[in-house]
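Chemist: Please read through the structure below; I'll follow up with questions.
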Amino acid sequence: MKTIFLQVPVPLDSLGVDLVQTTEPVEKTLSILELITSGGLGGQIIMLTLGVLSLLTVYFFWERFQVIKKAIKTDPQFMDKVNDYIADNKVESVLDLCHKSANPVSNMVAKGVLLKNGTTKDVQDAMERQGNLEVYNLEKNLSSLATISGAAPMIGFLGTVIGMIIAFHEMASAGGQIDVEMLSKGIYTAMTTTVAGLIVGIVAFLAYNQLVSKVTYAIFMMEQGTAKFLEIIAKNK
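This is how it looks when you write it as structure tokens:
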């Protein structure tokens with residue numbers, strides 16, 4: 005005997021079963037522009053300030069990098085040529101050579117060669133005075149980079165504090181209708197300025213230290229050039 009099963013469609017709601025439609029949560033994305041503009045007027049002013057500081061950082065670094073790069077680029081045979089000209093008493097040739105080289109070492113030699121008939125102390129003092137001017141020119145705007153590296157994170161933190169005040173004010177105004185979305189939006193909007201400030205500060209700090217190391221090397225070359233030139237003067241007296 006065969007058993008036959010009949011499939012009869014029965015609506016689930018007729019059986020007292022509730023149908024619940026489940027939907028996957030939609031992931032919300034936020035662009036950089038939205039982050040920048042979502043902090044209100046105060047946050048936008050802070051972000052604009054940090055943007056200006058970032059542009060100044062790039063400008064100061066590139067401008068100083070080119071100047072210092074030119075300053076440490078010297079002819080390996082420069083001091084040998086100076087020695088030959090001094091031995092032949094060709095002061096004008098030394099000055100022409102220094103003018104063509106146009107770097108801190110050559111500028112110091114040009115000052116010293118004018119006093120080659122004086123005492124060694126006079127020559128050394130003249131070269132040191134010129135050396136101080138050259139160091140000042142090399143270090144120009146480095147203090148600005150140092151200031152940006154310290155100020156940018158603090159400005160970013162100020163923006164965060166302002167953003168948190170605004171966020172809590174909005175939550176207080178909402179009364180009992182505070183939800184997680186409102187709270188999280190206020191927090192991540194406020195934290196955006198801190199992140200931006202840290203990025204600008206770190207970049208400025210790295211740029212500053214890179215330039216300082218190159219200035220230190222340039223000063224070493226200037227001191228080395230001064231010592232060699234004094235030896236040349238003493239040898240050809």
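Those letters in the sequence shown? Residues 5 to 241, per this note's numbering, in order. Where a beta carbon is used, it is the ideal one built from N, C-alpha and C, also for glycine.
Do residue 150 and residue 212 have their C-beta atoms within less than 8 Å of each other?
Modeler: Yes, Cβ-Cβ distance for residue 150 and residue 212 is below 8 Å.
Chemist: I need the DSSP call for residue 121, collapsed to helix, strand or coil.
Modeler: Coil.
Chemist: Using only the alpha-carbon positions, how far apart do residue 95 and residue 225 sit?
Modeler: Approximately 22 Å, taken between the alpha carbons.
Chemist: Ignore the nearest five residues each way along the sequence and tell me which others in residue 112's own chain have a CB closer than 8 Å to its CB.
Modeler: Closer than 8 Å at Cβ, skipping near neighbours: 131, 134, 135, 138, 226, 229, 230, 233.
Chemist: Exposed or buried, what is residue 194 when buried is set at 16 or more other beta-carbons lying within 10 Å of its beta-carbon?
Modeler: Buried is the call here.
Chemist: So, at 6 Å on beta carbons, what are the nonlocal neighbours of residue 161 in its own chain, with the 5 sequence-adjacent residues on each side left out?
Modeler: So the qualifying residues of the chain are 198.
Chemist: From residue 164 to residue 155, what distance separates their C-alpha atoms?
Modeler: The alpha-carbon atoms of residue 164 and residue 155 are separated by roughly 14 Å.
Chemist: Helix, strand or coil for residue 157 per DSSP?
Modeler: Here residue 157 sits in helix by DSSP.
Chemist: If you follow the alpha helix (DSSP H) that residue 91 is part of, which residue opens it and which one closes it?
Modeler: Its alpha helix (DSSP H) spans residues 82-91.
Chemist: Helix, strand or coil: which one does DSSP assign to residue 241?
Modeler: DSSP places residue 241 in coil when its eight states are reduced to three.
Chemist: Would residue 80 be called buried (16 or more neighbouring beta carbons within 10 Å of its own) or exposed?
Modeler: Under this definition residue 80 is an exposed residue.
Chemist: Quick one: give me the first and last residue of the alpha helix (DSSP H) that residue 96 is part of.
Modeler: Residue 96 -> alpha helix (DSSP H) spans 95-105.
Chemist: Can the beta-carbon of residue 78 be found less than 8 Å from the beta-carbon of residue 105?
Modeler: Yes, the Cβ-Cβ distance between residue 78 and residue 105 is below 8 Å.
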